[in-house]
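Colleague: What follows is a single structure, and I will ask about it in a moment.
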Amino acid sequence: MKKFNRALFLASSFCLSSMGSSDSICLSEQDGGMVLPKQNSVELIQSDAGLEILAQQPGKNEPVYLSLDVTDAGFIDGKAPIQEFSFEYLDVGDEEVTFDIDSLNPLYGGSKDLGNWRHTGGFQLMNSGTWKKKTIVLQDARFSNRLNGADIRFRMVNYPDLKIRNVSLKKLEAMPALPEATVKQGTVPNILLIVFDDLNDYVGSFGDPNAKTPNLDSFAAGAMRFDRAYCQYPVCGPSRASFLTGMYPESSGVLDNNNHFRVKRPEAVDMLEYFKQQGYWTASAGKIYHSFQNVAENGVSTYFSDWLRNAEDPYLTKLNAQFAAEVGPIEKNREAYQAFLKGKDLSAERIVQAIATDLSDEDHDDGRVATRITSYLKERSFGDRPFFLACGFNKPHIPWFAPKKYYDLYPLDELKFEDVPLDDWKDKPKAAIYDRTEGYGAKFGDNNRAVRARNLQGYLACISFADAQFGRVLQTLEESGLADNTIVVMYSDHGYHLGEHFLFGKVTLFAESTRVPFLMRVPGKTVPGSRTQNFTELIDVYPTLTELCGLKTPPHVEGKSLVPVLENAEVEIRDSAYTVVSRTGLLGKGLRYQNWRYSEWGGSDQAELYNLDEDPNEYHNLANNPEYSGIIKTMRSKMEERTSSGK
Numbered sequence: 054m055k056k057f058n059r060a061l062f063l064a065s066s067f068c069l070s071s072m073g074s075s076d077s078i079c080l081s082e083q084d085g086g087m088v089l090p091k092q093n094s095v096e097l098i099q100s101d102a103g104l105e106i107l108a109q110q111p112g113k114n115e116p117v118y119l120s121l122d123v124t125d126a127g128f129i130d131g132k133a134p135i136q137e138f139s140f141e142y143l144d145v146g147d148e149e150v151t152f153d154i155d156s157l158n159p160l161y162g163g164s165k166d167l168g169n170w171r172h173t174g175g176f177q178l179m180n181s182g183t184w185k186k187k188t189i190v191l192q193d194a195r196f197s198n199r200l201n202g203a204d205i206r207f208r209m210v211n212y213p214d215l216k217i218r219n220v221s222l223k224k225l226e227a228m229p230a231l232p233e234a235t236v237k238q239g240t241v242p243n244i245l246l247i248v249f250d251d252l253n254d255y256v257g258s259f260g261d262p263n264a265k266t267p268n269l270d271s272f273a274a275g276a277m278r279f280d281r282a283y284c285q286y287p288v289c290g291p292s293r294a295s296f297l298t299g300m301y302p303e304s305s306g307v308l309d310n311n312n313h314f315r316v317k318r319p320e321a322v323d324m325l326e327y328f329k330q331q332g333y334w335t336a337s338a339g340k341i342y343h344s345f346q347n348v349a350e351n352g353v354s355t356y357f358s359d360w361l362r363n364a365e366d367p368y369l370t371k372l373n374a375q376f377a378a379e380v381g382p383i384e385k386n387r388e389a390y391q392a393f394l395k396g397k398d399l400s401a402e403r404i405v406q407a408i409a410t411d412l413s414d415e416d417h418d419d420g421r422v423a424t425r426i427t428s429y430l431k432e433r434s435f436g437d438r439p440f441f442l443a444c445g446f447n448k449p450h451i452p453w454f455a456p457k458k459y460y461d462l463y464p465l466d467e468l469k470f471e472d473v474p475l476d477d478w479k480d481k482p483k484a485a486i487y488d489r490t491e492g493y494g495a496k497f498g499d500n501n502r503a504v505r506a507r508n509l510q511g512y513l514a515c516i517s518f519a520d521a522q523f524g525r526v527l528q529t530l531e532e533s534g535l536a537d538n539t540i541v542v543m544y545s546d547h548g549y550h551l552g553e554h555f556l557f558g559k560v561t562l563f564a565e566s567t568r569v570p571f572l573m574r575v576p577g578k579t580v581p582g583s584r585t586q587n588f589t590e591l592i593d594v595y596p597t598l599t600e601l602c603g604l605k606t607p608p609h610v611e612g613k614s615l616v617p618v619l620e621n622a623e624v625e626i627r628d629s630a631y632t633v634v635s636r637t638g639l640l641g642k643g644l645r646y647q648n649w650r651y652s653e654w655g656g657s658d659q660a661e662l663y664n665l666d667e668d669p670n671e672y673h674n675l676a677n678n679p680e681y682s683g684i685i686k687t688m689r690s691k692m693e694e695r696t697s698s699g700k
C-alpha cells in the first residue's frame, strides 16, 4: 500500500479519503498557503492497484492539479487495456473538474510538461451538497509513460475545494455488459449525428467553386439539402448548448463559451440524454458538447474525447524526431525528453494557422474520432439496442493542420474569391465588426489576396480532410447493414469568415458566420437529392428526431419539427430564422425574413437592413434609408415576436 506524499499547494484545498474508511487527508489554508495537516500519512487502500497522491504546485493564474500514480506492476507496459476507474466526489461549488490519463502514444508528448495527457472525463459541480459517484471505463489506457510521476490527473479550473474519496482502479477482462435492452434494435430508427466545427457553406454540393468534398456531395445526392439553415449563435459553446437542448440561447442562458446549460438550465434534458432515457445506446466521439468532458456525463452511455492537438503540431513532430535521432525512443527516455523540451521555445514556431503535415489521417484528431465511431459500428457496441451516435469533427476549426495530400488539392494560384468593396463598411454599425484579422496575418480594410489565399487554402484543406473522415464513417455504416434503419443528420455549429467583409472567424450576424450546411437522410422518407428553401434553425433538429422516432418532445424544446418538410420540400413550417450574438454590454439580434436580413445592436440606432435579392453579399445597409421605413417596421415587429415568444 502506498502513502500520501507531503506536498505544498497554493490557492486551493483538497481532501482524499481512503476506501472503506471515514478518514481523510486534507489540505487546509495556513499563512496564505496550503499545507498538509498533521495527519499526513493516511493510507489509501486499493484492491487492484496502488494509487499515490501527487501534488503539482500551480503557478500564477494556472489550474490546480491533483494527481494519482498507478504503481501496481500489473498496470505497467499496457498489460491491462481495459480498466474501470471510479471515485466519489463531494458536489459542493459550481466549478468544472476534468480528469485525464497518461498515454503510451509518443504523439502525446510535448507542450512543455502537460502534453502527454489525454482528456478522459470530467464532471460539473452542481452544488447539491451530496456525495456523487463517477465511473468511466478506460479502453486503451497505458500507465507506463509517466509525466512528472503521475498517471491520472484531476484538473480544477477555478480552484474549487475538491473532496474525493473511494478512488478505485480495477482491471476488466472485457467491456461491461449492457443492461437488458428495453427497446430492441430494429424496432425504432437509429440515429447518426455528424457535426462539423466552424464549417461554413464551402461545400461542393452547396455551390462553392473551390471546395473538394466528394463524400459530402455523395451524401447530399441521397439526402435532403436545407438551403436556408442558420445557427442560433455563431460561437461554439452557445450554439452547441442551443441545438443540444433545442432552446434559443436567450432561453438556455448560455451566451458565451464560459457557461454550461446544465448550470444555467439544469432541468433541460439534451438530445443525447433524452434518447438515453428512452432506451437508446448513446455515444459521442470528438466535439459534440463544447466542454464535452464535463457536461456529457448524463447524456451518453460512452464517449471518446481524445485530443491530439500536440500530435498534429509539425514543430513538435520535428522536435520529437530530433530527440529520437540524438537520444533514442521517447518512451524509454522520458526524463531526458522533458529536459530536452525545456530548452525549446514551444510558443514561437509552433503557433501557426495553416500547415501541411506529414502525418497520417489517424494521427490527427478527426481521424481518431472517425476510427472510434466506426469501431462502435463494427463491434456493435450498442448490443441489441437502437443507437444514437454523435460524431463531432473538430475541423475546419483552427489550427489548420491537415495531411499534405489535402493541401495539394488547393494550389494557391487556383483559388477563386472576390475582393471586398473598399467602402463595404461606410454605412454599417461598428458593433457589427468582430475584428480578428491580425491573428490571420491580415489587416482590416485591406484586400491582400496572398494572405487571404493562404488562409483559404488551410481552411479548405481541413474541410477536405474532414470530408474524408465523414466518408469513412458513412462507408462503415453502409457495410454494417444498418444504413436502411439509420437517420443521418449532418450540419455545422456555425459558419466562418475567410476575408468576406474584411473579417476572419465567426461571431458576426453576416451569412458567412450564421449560415450552415445542413443535410438529412431519413430512410423511406427523404427524396434523394431534394432541396428546400424553408427557413431552418439548428434547434429544429431535436424535435425532428423525436418525432421520427415516435417519441414525445420534451416541453422545454423550442424548435419545430422538420418532418413536414422532409415529406414535402415546399411546406413552410417557419417564415424566418433568428440568431443572436454578444458584444461587450449588448446583445446583437438578427432576423432573416423573406428576402431581407435585419439586425439590431442594442437598439434601432445601430441597425442593419439588407435586400438579399439585390444584395446577396450584404454590402449595402439600407437601415438609414427612409424609403425602407415600412419594411424596417415589419422586421422589428417580427423580431419582437421571436424575442418574446421564443418561437
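Heads up: the sequence shown at position 350 corresponds to 403 in my numbering, and the numbers run straight through without jumps. All residues carry an ideal CB built from backbone N, CA and C; glycine is no exception. All values derive from a computational prediction rather than experimental measurement.
(1) Going by alpha carbons, who is nearest to A622 out of T637, T589, L640?
(2) In its own chain, which residues sit with a C-beta less than 7 Å from the C-beta of D84, not counting the 5 before and 5 after it?
(3) In chain order, what residues of the same chain lie with their CB nearer than 8 Å to the CB of T240, ignoring the 5 residues before and after it?
(4) Can you find the residues in the same chain that come closer than 6 Å, C-beta to C-beta, to S583, ignoring five residues on each side of it along the sequence?
(5) Short of 7 Å in beta carbon distance, which residues of its chain neighbour P596, apart from the five on each side in sequence? Order them along the chain.
(6) Quick check on the burial criterion: 16 or more other C-beta atoms within 10 angstroms. Buried or exposed for N219?
(7) Hey, how far is the Cα of H673 from the Cα of D477?
(8) Distance check for L562 and G445, CA to CA, integer angstroms please.
(9) From the DSSP output, in three-state form, read off F571 for me.
(10) For the putative contact between A484 and G641, defined by C-beta atoms under 8 Å, what is the C-beta separation to the nearest angstrom?
(11) Quick check on the burial criterion: 16 or more other C-beta atoms within 10 angstroms. Buried or exposed for E471?
(12) Give me the residue from P291, G436, N180, T424 with the minimum Cα distance to N243.
(13) Which term fits L475, buried or exposed, when burial requires 16 or more other beta carbons within 10 angstroms of its beta carbon?
(14) Are the beta-carbon atoms of F176 and K187 separated by less than 8 Å?
(15) Grab the span of the beta strand (DSSP E) containing Q136 for me, first residue to last.
(16) Secondary structure at P456, three-state DSSP: helix, strand or coil?
(17) Under 7 Å Cβ to Cβ from L468, same chain only, skipping five residues before and after it: list those, please.
(18) Under three-state DSSP, which class holds I78?
(19) Whole angstroms is fine: what's the gap from N180's alpha carbon to Y142's?
(20) Just mark T579 as buried or exposed, buried being the case when its beta carbon has 16 or more other beta carbons within 10 Å.
(21) Quick check: the Cα distance between A455 and K371, rounded to an integer number of angstroms?
(22) If you run the structure through DSSP and keep just helix, strand and coil, what is G643?
(23) Which full runs of the alpha helix (DSSP H) of 4+ residues lie inside the stretch 478 to 539, going along the chain?
(24) Tell me the DSSP secondary structure of K216 in three-state form.
(25) Going by Cα to Cα distance, which pick from K431, R502, G603, E671 is closest to K479?
(26) Ends of the alpha helix (DSSP H) at F272?
(27) If the criterion is Cβ atoms closer than 8 Å, does the pair S296 and V594 meet it?
Modeller: Reading from the atomic positions:
(1) T589
(2) In this predicted model, D84 has a pLDDT of only 27, less than 50, meaning its place in the structure is not dependable enough to derive any value.
(3) P439
(4) M277, A622
(5) G299, T606, V610, G612, K613, S614
(6) buried
(7) 7 Å
(8) 24 Å
(9) strand
(10) 6 Å
(11) exposed
(12) G436
(13) exposed
(14) yes
(15) 136 to 143
(16) strand
(17) N263, A506, L509, Q510
(18) Interpretation of I78 is limited by its pLDDT of 32, a score under 50 that renders its predicted location unreliable; no figure is taken from the coordinates.
(19) 11 Å
(20) buried
(21) 16 Å
(22) strand
(23) 502 to 533
(24) strand
(25) E671
(26) 267 to 274
(27) Here the sequence assigns Phe to residue 296, which means Ser is not the residue at that position. The answer is yes: Cβ separation under 8 Å.
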